[in-house]
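From first to last, the protein sequence lines are chains A and B.
Start counting the first sequence at 12; every next residue gets the next number (my numbering).
Start counting the second sequence at 697; every next residue gets the next number (my numbering).
Glycine residues also receive a C-beta, built at the ideal position from the N, C-alpha and C atoms.
Source: prediction; values computed, not measured.
These notes are about the structure you will find just below.
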Amino acid sequence: MNNVSVIQAQNLKKVYGHKQEKKYMALQDVSLEVAAGDFVGVMGASGSGKTTLLNMLATFDRPTSGTVRIAGKDVTALKGNALADFRAQQMGFIFQDFNLLDNLTIAQNISLPLSLQGKTSKIKRSVREIAESLGIKDLLDKYPAQLSGGQKQRVACARALINKPQILFGDEPSGALDSKAARSLLELLQKINSEQKTAILLVTHDAFSASFCRRIIFIKDGQIGHELVRQPGQSRVEFYQLILEQLGTFEQ
Amino acid sequence: MLFKLAFSSIRHRWKDYLLLFSGLAISSAIFYLFETIASNSSFLQLNGQTVSHMIGYVFSFGSVLLCLLTLIYLNYANSFLLSMRQRDYGLFIMLGTRKKRIGRLIWLETMLLGAAATILGVIIGVALSMGLSNLVTNFLGAAARHYQPWWLPAFGWTLVVYLGLFFLAASWNTVMMTKKPVLQLLKAERQSDFRVSKPIVLMAQLIIGLILLVIGYYVMMHPLVYKQYTILIALVTLSGGTFLLFKAVIVSLLQWLIKLPVAKKGLNGFTLAQLRFRVADYTKVLTGITMMFAMALGAITVGSNLHKTIENNARVAGAYDLRIVDPSTKQLSLIKQLSLQEKREYTFSKQGDNLIFSTQQFANQQLETVQRGETVSDYTMKKIANSDTSLLTLALTNYLGEAGSTNNKIVIQANSTKTGSQHKVLFIRTNGLAANAKVLKKIANIEKNKYSNTTNLWLGAWTSYEQISILYSGLEFMAMLLGISFLAMLASCLMFKILSGSFADIPRYQLLRKLGTREGKLRSAVRREISVLFILPAILGVVHVLFGLKLFSTIIANPYQQLWIPFGIFGLIYFAYYCFLSVIYQRIVLKKEVDK
Ligand SMILES: Nc1ncnc2c1ncn2[C@@H]1O[C@H](COP(=O)(O)OP(=O)(O)OP(=O)(O)O)[C@@H](O)[C@H]1O
Ligand SMILES: [Mg+2]
């Protein structure tokens, strides 16, 4: 299971700032691999380059140099429709601010990726299935403005999962949630990861969220500093302690 | 500090302000331009001699329409301004600024913007009318002498109307902003209408809307019955009817479409949701756009049809093109060049101011007169029986009553008399005034030279033809100007509407892109959404115009003649504008992040 990589990033570099402006190097020479079905967390201080890295991997931005391969395909070379289709078919996204369309109902929001791919016949059944498994089937006819933060987050999750992507990206998905809602979201992700074998890459700055991952990558000043892997048999609480210790030494 | 903040946010969105500002300036420039003609009384009087009531009517109608449209236009412009500012103001209030200070700031901002735009508009207006004065000379002919690019009353009017309206807008904004809850100001763009209308309500709206439209159309088809109230009634009923119809039809159409399987395909669901989301807002805008569309198209159609009707309208004025008393040899040889349809020759004797005709000659050659109907095109030539002395007297008085400085009296008696000087009079009717214009003009000039004073001399249909030509070219100019003004306002209203929606749309389209929507699909979604704003008003607007043209059948012989020319030109402009706006909109909402 772990011998195929979904993501292979090599020597990623990102420099911000236009020609005349002051340059800022947000990422310098980052290489990483994510195996199929893995659950990876990216941690680091504010401004360390986590979002930047995620944007590169998720094809939202292009690296200044370096390559990103997803499911064996070099996405830095993809353009236009090929890129759009690739996103629609292979990837799912959950953002910190949920990013639901406020003028669509919850059901429409969830089914958007299927609509975009023209898989209209499957919509009804898929939406019902996923909504049931995420416990949001009573909300399907409402609008985002009528939902709580945690509910919206679960809807975003449902939307990200409906087309059964190879990999799910999340940027601080639990950032705006209270600890209870955050826990249920993370347990949900864990369940998805283990049941559907969807690889997950999660950016987070808090140790609690990170403790749900199998592997954690620490970033500092645009470089990968350290890696932690949860050993088989290690409980989540133990792993959590380990992360806290690591953060303590890492931040100094 | 507050002023600094306010100013910095203006600087941040200078493009939108520029748009708003230039729209307002152009609108006031057009208003000024129109007023240079409408408030120039010497120009009006010069044209107004013959048909003064009509031209007065048309001009005041134009003025009222323009004022009304300006009102609607400023309303849209103001809501665009509000939509740009209310988040900022909400933020100021949240940060603890006193409402009174905020109110003053809003008031000042609106007034400053308005006053600056108005003044600039007048300057542009003067420049425009100078540039246009060549065109004006061509159109207005003799009357152009009285046309002045810099016209003080027009300036006064523009200032009064615009500053007055801006004063109202500023006060309105102040009240709106200081009374609304802060949360509403901050989240203004996220407000939405989730309500589903009941079928009964929709049905009632549909029926009332249709009834209002029928009333409006009926009134426009009978302008002689409702006289000066026609326009007022039509404007009110048509606006109301359009609004209700749009409301009922769009809402039920959307509710129906959303249930169809196609709604799930691609971005269809998204586009439908966008429309449904904005439907309350859209019905108002669509109504405004429809009315402007109808008036612009109507004005241009009427304007382009005016010159085609001159011949007809002159014919209605008299059965004969010219009357010639004691034709000279030159005139007789000129008459030979005409293609004549009718020719009558009578003799009379002149005793002092009395012109004495014998009845007998009208039995042999019956004189004709024009029998008018309801509309100008609806007339017949009627032969006058020689026994009908009073009608004969009336007809002859028309042609011969005025003789320069004296007034003649027509006498018709059984026997001819040999006392007094003997004269001959010739009545000719050609087969076309325009076709024979050159020769007719020469003959008429010789005829005029026989009199010392020619101001009130009426020689027949030809005289009317000359007068109406001048009058109608004035009207044509005005109609075109009005049409272009309406079109310009229509254009900038659409622009405001579409652009003020774009701010809320940017994140939506951005998200769709992130979810993996193809570029082409995004573009076609934008195009489709905008096309609704263009197509629906166009359909109803064309129907309004088709009925509205009937209104002009009192001054135009066949308002429906060659409709496709103005409609085609207008359609092309409209389509080009659609393309333009949809490209602009795509540029705004589909800004590229990746793929640089
Ligand atoms: N578009 C941009 N232009 C210029 N600099 C940028 C841009 N985006 C990010 N940066 C800079 O790059 C660095 C990394 O930013 P990034 O958003 O990746 O941080 P982060 O690790 O996600 O932080 P946080 O935890 O606060 O979200 C920061 O110093 C930021 O100022
Ligand atoms: Mg971040």
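With a cutoff of 7 Å on beta-carbon distance, B/Y913 and B/V1012 are scored as not near each other.
Proximity of A/N204 to chain B, defined by a Cβ-Cβ separation below 7 Å, is not satisfied. Relative to ligand 2, A/T87 has its C-beta separated by 6 Å or more from all heavy atoms. Rounded to whole angstroms, the gap between the alpha carbons of B/V945 and B/V975 is 11 Å. Taking C-alpha positions only, A/T215 is separated from B/K796 by approximately 45 Å. For chain A, the residues of the segment 1207–1226 of chain B that bring a beta carbon within less than 8 Å of one of its beta carbons are L1207, L1208, R1209, K1210, L1211, G1212, T1213, R1214, E1215, G1216, K1217, in chain order. Under the Cβ criterion of 7 Å, A/Q119 is counted among the residues facing chain B.
The distance from the Cβ of A/I141 to that of A/R165 is about 10 Å, inconsistent with a contact at the 8 Å cut-off. Checking the 6 Å criterion, the Cβ of A/A221 is out of range of every heavy atom belonging to ligand 1.
Among the CB atoms of chain B, one or more fall inside 7 Å of the CB of A/L115. Short of 7 Å from the beta carbon of B/A1010, and not among the five residues preceding or following it, lie these beta carbons of its own chain, in chain order: L1129, A1157, S1160, Y1161, I1164.
Closest by C-alpha distance to B/Q844, out of B/G860, B/L864, B/T854, B/A823, is B/A823. With a cut-off of 6 Å, the C-beta of A/G77 is classified as distant from ligand 1, since no heavy atom of the ligand falls inside that distance. The C-alpha of B/G937 is placed about 35 Å away from the C-alpha of B/A811. Around the beta carbon of A/D182, 16 or more other beta carbons sit within 10 angstroms, so the residue counts as buried. Check the Cα spacing between A/L125 and each of B/F863, B/N1145, B/A1234, B/K960: the tightest is with B/K960. In the DSSP assignment, B/R1011 is bridged to no other residue. The nearest non-hydrogen atom of ligand 1 is 6 Å or more from the C-beta of A/G186. If you draw a straight line from the Cα of B/S779 to the Cα of B/L765, it comes to about 21 Å.
In summary, no residue of the segment 995–1028 of chain B has a CB separated from any CB of chain A by less than 9 Å. Residue contact check for B/F973 against chain A: a CB pair falls below 7 Å. A/T78: member of the beta strand (DSSP E) spanning 76–81, first to last residue.
Excluding sequence positions up to five before and after B/L1030, its CB lies within less than 7 Å of the CB of V1135, K1138, I1139, all in the same chain and listed in chain order. Under the three-state reduction of DSSP, B/L1087 is assigned to helix. Contacts with chain B (Cβ-Cβ distance below 8 Å) from the segment 92–103 of chain A involve N92, L94, A95, D96, F97, R98, A99, Q100, M102, listed in chain order. Within the chosen limit of 6 Å, ligand 1 reaches the beta carbon of A/K61 through at least one heavy atom. In the structure shown, the three-state DSSP call for B/K961 is coil. With fewer than 16 other beta carbons inside 10 angstroms of its own, B/Q1033 counts as exposed.
Every alpha helix (DSSP H) stretch that sits fully inside the segment 989–1052 of chain B and reaches 4 residues is listed by chain position as 1025–1033. Minimum Cα-Cα distance from B/L909 among the listed residues B/E1225, B/G1237, B/K1120 corresponds to B/G1237. The alpha carbon of B/N1132 has as its nearest neighbour, out of B/F851, B/S1035, B/A773, B/S1045, the alpha carbon of B/S1035. For A/H216, the shortest C-beta to heavy atom distance toward ligand 1 is below 6 Å. Take A/M102, set aside five residues on each side of it, and the residues of its chain with a beta-carbon closer than 8 Å to its own are A69, T70, I81, P176, Q177, I178, L179, F180, in chain order. Considering only B/L898, B/K955, B/R1068, the residue with the shortest C-alpha distance to B/F939 is B/L898.
Judged by their CB atoms, B/P919 and B/L1247 are nearer to each other than the 7 Å cut-off. In the DSSP secondary-structure assignment, A/D72 is not bridged to any residue.
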